[in-house]
Amino acid sequence: MIKVYYRNSCNSSKQALAWFEKYNIDVEKLKINKITKTELIKTLSLSDKGLKEIVKRSNKANSKAMKQITSLKEMSFNDGITTLLEHPSLLQTPIILEGDKFLVGYNADEIRQFLPPEYRRKALR
Numbered sequence: 385m386i387k388v389y390y391r392n393s394c395n396s397s398k399q400a401l402a403w404f405e406k407y408n409i410d411v412e413k414l415k416i417n418k419i420t421k422t423e424l425i426k427t428l429s430l431s432d433k434g435l436k437e438i439v440k441r442s443n444k445a446n447s448k449a450m451k452q453i454t455s456l457k458e459m460s461f462n463d464g465i466t467t468l469l470e471h472p473s474l475l476q477t478p479i480i481l482e483g484d485k486f487l488v489g490y491n492a493d494e495i496r497q498f499l500p501p502e503y504r505r506k507a508l509r
């Protein structure tokens, strides 16, 4: 089952959820504050860019959040995970997970990886 960690106020989250609805793909919708330590570690393990890929960018974070994001660089891995779990507002949304596939944010091309194989075969005909 595809899990979508989202934020109600996030346009990218709304776009991703609308995309799944358009293609009638069932997803488990979870607010970002429900992300577990296991899922967060899994996301990081699948990422090539680590924290940089999952935390908010400077143009999307207020000054307090930016200080917290900057301080993540100085922390141990476990402390960083704990901080992100305590402050999920630092995470980008949506975070989409299924098996060994993941996507952070909304990208119209990259989200296609979540199309079922049978749908992709039909689209190629």
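Sequence positions in the sequence shown follow my numbering and run 385 to 509. For every residue, glycine included, the Cβ atom is placed at its ideal position computed from N, Cα and C. These numbers were taken from a predicted model, which means no experiment stands behind them.
Neighbourhood of M510 by C-beta distance below 7 Å, restricted to the same chain and skipping five residues each side: Absent from the model: residue 510. The displayed extent of the chain is 385 to 509, so no value can be given.
field: Contacts around N392, its chain only, beta-carbon distance under 8 Å, and the 5 residues preceding and following it disregarded
entry: Stepping through the sequence shown from its first residue, residue 392 is reached at position 8. Within the same chain, N392 has close Cβ partners K415.
- prompt: Is the beta carbon of Y503 sitting closer than 7 Å to the one on A400?
  reply: Counted from its first residue, the sequence shown places residue 503 at position 119. Counted from its first residue, the sequence shown places residue 400 at position 16. No, these two residues do not count as a Cβ contact at 7 Å.
Start-to-end residues for the alpha helix (DSSP H) that takes in L430: Along the sequence shown, read from residue 1 onward, the residue named residue 430 stands at position 46. Unbroken alpha helix (DSSP H) run through L430: K421 to L430.
message: Three Cβ pairs or more, each shorter than 8 Å: is that satisfied between the region 472-481 and the region 434-441?
response: With a cut-off of 8 Å, the region 434-441 and the region 472-481 count as touching, because enough Cβ pairs lie within range.
task: For K485, count neighbouring Cβ atoms within 10 angstroms of its own Cβ and tell me buried if that reaches 16, exposed if not.
output: Counted from its first residue, the sequence shown places residue 485 at position 101. Looking at its Cβ environment, which holds fewer than 16 other Cβ atoms inside 10 Å, K485 is exposed.
query: For the beta strand (DSSP E) that F498 lies in, which residues bound it at each end?
result: Sequence index remark: in the sequence shown, residue 498 carries index 114 (1-based). For F498, there is no enclosing beta strand (DSSP E), as DSSP gives it neither H nor E.
- prompt: How far does the alpha helix (DSSP H) with L468 in it reach, from first residue to last?
  reply: Position 84 of the sequence shown, counting from 1, holds the residue named residue 468. Counting along the chain, the alpha helix (DSSP H) containing L468 begins and ends at F461 to E470.
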